[in-house]
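Sequences listed follow chains A and B, in order.
In this text, residue positions in the first sequence follow this note's numbering: the first is 1, and each later residue adds one.
In this text, residue positions in the second sequence follow this note's numbering: the first is 1001, and each later residue adds one.
Note that CB positions come from ideal geometry on N, CA and C, so glycine has one too.
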Amino acid sequence: MTEERKMNKSAIQRRLIPSYIFLIIVCFISVFPIYWMLTAATNNTYDVSQGKIFFGTHAVENYHALLQRADDTLNFKGGKGLWKIMGNSFLYAGVQTILCIFICSLAGFGFELYHDKKKDRLFGVLLLAMMIPQVATLIPLFRMMSSMKLLNTVYAFILPAISTPFMIMMFRQNSRNFPPDIMEAARLDGLSEIAMFFRMYMPVMKSTYAAAAVITFMNAWNAYMWPRAVMADNRAATMQMLIANLAGGYTVDYGVLMMGVLFCSVPTMVIFFVLQKQFAEGITGSVK
Amino acid sequence: MNKKSGVTRKQEVWGWAFLAPATILIFVMSFWPMIQAFIMSLKKGPAANMVWQEPLFKNYTRILQDKTFLTSMGNTFLYLIIEVPIMLILAILLAQILNNRDLKFRGGFRTMVFMPCAVSLVSYALIFKSLFATQGLINSALMHLHIISENINWLGTTGTARAVIIMGLIWRWTGYNMVFYLAGLQNIEYSVYEAAKIDGANGWKTFWGITVPLLRPVIVMTFIMSINGTLQLFDESVNLTNGGPSNSTITMSHYIWNQSLGVGVAKFGYASALAFVVFIMVGILAFINLKVGDTRD
């Protein structure tokens, strides 16, 4: 019996050989550019262009050159420029994440647990906003921010992104697991509606909050078109804008460029490896 | 009775209060700008002092003669038609393989396929730009393998530059879409697959006979998302090729950017007309997709 099962198992594994080969090829292609980015960050531009694919000894040099480039764009001294821009990116992404998950979860709570015909219809209207391309609202929003004197401030960065139909839908769908009965019980105990949100809904929905926070942070950190429009002052720049500038000159130092890409990718890579499950849940959002 | 309706009234008010901030923001930050974009698309002149276009729809008729925009539209659709099907089929295939419980190291494989999502669009565009530089790794590897005898100017030639953008897109988004399919497959009873195996169905048959039909709603959704995303391509066009050589790889969003907030004189009126055309395209394609996907049998 056990013999037979063993045979069976090895037969199954043999049948899977093409799958393994296919997966190994796909995984190699998926991972190699990231691996290469890491190695290139430690090589000088000559070695990079000669096709070196192993770690080199120029990491410190590239790092200092990157600090210098960042300082130059900001007119800073002493290597503080890079950290200022990193700080900008963290600030914008952090504020956007906190406000976005708060506002959208509140809306998801309202739409699902207080739902009636009118609210359902309104929800349908809000979903239409998903079809609006970013470039279509770019100019009016830019003018709006400019007339409100918000350019180069965190408000201009976050305002168009802190309420999205996707996030509201995600919270709404996941709210279906939230039992309405306990709300009735809480009401009898004299708990106010807003207290129910803070004391009951938020703790129960912890995992949805985690997924929503991860995906919102990623999106905010990676944003490029909108920040380029409204954060044009170098001192308000984000990491994405910094590295895009590094590649802009006539001669590109690939070692320094990849060092910049590395710095830009560290936060998202850490999130990816530590919170991969939440990230995947955040992407699929309301697909259930 | 009286008391009860009082409570519901209070709840009613709270319900609206909860969804008010998000709703107001979407109206002010999405719908209102969309209306403004349409109004602006009927105007001309400098941003501070725009006047009605004469005739009113001149910005729109002008689009038909705008060779660069037509090129950008062609490029965007080229990327769409080639990239989206390859990427989605690859993603479904990977999801089916990774859903097989007999497979070893599933978690590791999944993480690696998913990994490109850990880098930003700008970052990966710059990585690909470096890899495909004339003095880059791809050329030196091909030289070492004696496949080519002199360096190819990948990003300086229209055809290859477009191909690099498409490869980049497939690289960045296949794992992303696979995540949707894996989530979708988890809702399918695994016993369906085991029954198919006992019936002697091979991988190919299971793929078309079980996976694709059962995943149809998810496929429709990823299709809409991919179309939406491709029509809005911007970061890759700007950072990988900068639209070049001579605007032959530029995308619609990139061109609109150049017309409004990019280099040179800002043509807000004309750029708004272009943007409105993109909006219509996204709407039409999404609508067609929903209709096609909705044929329940």
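The beta-carbon distance between A1125 (chain B) and T268 (chain A), rounded to whole angstroms, is 15 Å. This is too long to meet the 8 Å contact definition. Sequence-ordered contacts of the stretch 276 to 287 of chain A with chain B read Q276, F279, A280, I283, T284, V287 [C-beta pairs closer than 8 Å]. Residues of the stretch 1230 to 1241 of chain B with a C-beta atom less than 9 Å from some C-beta of chain A are L1231, Q1232, F1234, D1235, V1238, N1239, listed in chain order. Residue-level contact check: Q173 (chain A) does not touch chain B, since none of the beta carbons of chain B fall below 8 Å from its beta carbon. Taking the beta carbon of E193 (chain A) as reference, the chain B residues within 7 Å of it are Q1011, W1014, listed in sequence order. At a cut-off of 8 Å between beta-carbon atoms, S1272 (chain B) makes contact with chain A. Leaving aside the five residues that flank S105 (chain A) on each side, the residues in its chain whose CB is nearer than 6 Å to its CB run, in chain order, F171. Three or more pairs of CB atoms, one per stretch, sit closer than 8 Å, so the stretch 80 to 88 of chain A contacts the stretch 219 to 239 of chain A.
Its Cα nearest to that of V204 (chain A), the residue A:P179 stands out among A:Y224, A:P179, A:C27, A:Y35. With 16 or more neighbouring CB atoms inside 10 Å of its own CB, A213 (chain A) falls in the buried class. The C-alpha of L16 (chain A) lies about 35 Å from the C-alpha of S1123 (chain B). Between the stretch 1226 to 1234 of chain B and the stretch 1277 to 1295 of chain B there are three or more inter-stretch CB-CB distances shorter than 8 Å, so the stretches are counted as touching. L1169 (chain B) sits buried, since 16 or more C-beta atoms from the chains shown fall within 10 Å of its C-beta. P1085 (chain B) is outside the set of residues whose beta carbon lies under 8 Å from a beta carbon in chain A. Think of a sphere of 8 Å around the beta carbon of M269 (chain A): the chain B residues whose beta carbon falls inside it are A1118, V1119, in chain order. If you check each beta-carbon in the stretch 1249 to 1279 of chain B against every beta-carbon of chain A, the ones closer than 8 Å belong to M1252, S1253, I1256, W1257, S1260, L1261, F1268, A1271, S1272, A1275, F1276, V1278, F1279. Beta-bridge partners assigned by DSSP to W83 (chain A): none are found.
By the criterion of a C-beta distance shorter than 6 Å, L1042 (chain B) is surrounded in its chain by Q1053, L1056, once the five residues flanking it on both sides are discounted. L23 (chain A) has a beta carbon lying within less than 8 Å of a beta carbon in chain B. About 19 Å separates the beta carbon of P1021 (chain B) from that of T137 (chain A), a gap too long to meet the 8 Å contact definition.
Counting along the chain, W1257 (chain B) sits inside the alpha helix (DSSP H) bounded by residues 1252 to 1260. With respect to the 8 Å criterion, F1234 (chain B) and T1251 (chain B) are classified as neighbours on the basis of their beta carbons. Near chain B, meaning a CB-to-CB distance below 7 Å, the residues of the stretch 222 to 243 of chain A are N222, Y224, M225, A229, Q240, I243. Look at S163 (chain A): its C-beta is under 8 Å from a C-beta on chain B. Take M196 (chain A), set aside five residues on each side of it, and the residues of its chain with a beta-carbon closer than 7 Å to its own are M183, A186, in chain order. Counting the other CB atoms within 10 Å of its CB gives A93 (chain A) a total of 16 or more, which places it among the buried residues. Within chain B, the residues P1021, A1022, L1025 have their CB atoms less than 8 Å from the CB of I103 (chain A), given in chain order. At least one C-beta of chain A is nearer than 8 Å to the C-beta of L1131 (chain B). As a beta-bridge residue in DSSP terms, K1044 (chain B) pairs with B:V1051. If you ignore the 5 residues before and after G260 (chain A), its C-beta comes within less than 7 Å of the C-beta of L66, L242, I243, L246, all in its own chain and listed in chain order. A straight-line Cα-Cα distance of about 6 Å links V1179 (chain B) and A280 (chain A).
In this structure, the CA atom of G108 (chain A) is about 47 Å from the CA atom of A59 (chain A). Less than 8 Å separates the beta-carbon of A1095 (chain B) from that of L1185 (chain B).
Separation of K1058 (chain B) and A1275 (chain B) (C-alpha to C-alpha, rounded to the nearest whole angstrom) is 15 Å. Distance from Q1232 (chain B) to E193 (chain A) at the Cβ level is roughly 39 Å; contact not present, criterion being Cβ atoms closer than 8 Å. Short of 7 Å from the beta carbon of I1152 (chain B), and not among the five residues preceding or following it, lie these beta carbons of its own chain, in chain order: N1139, T1160.
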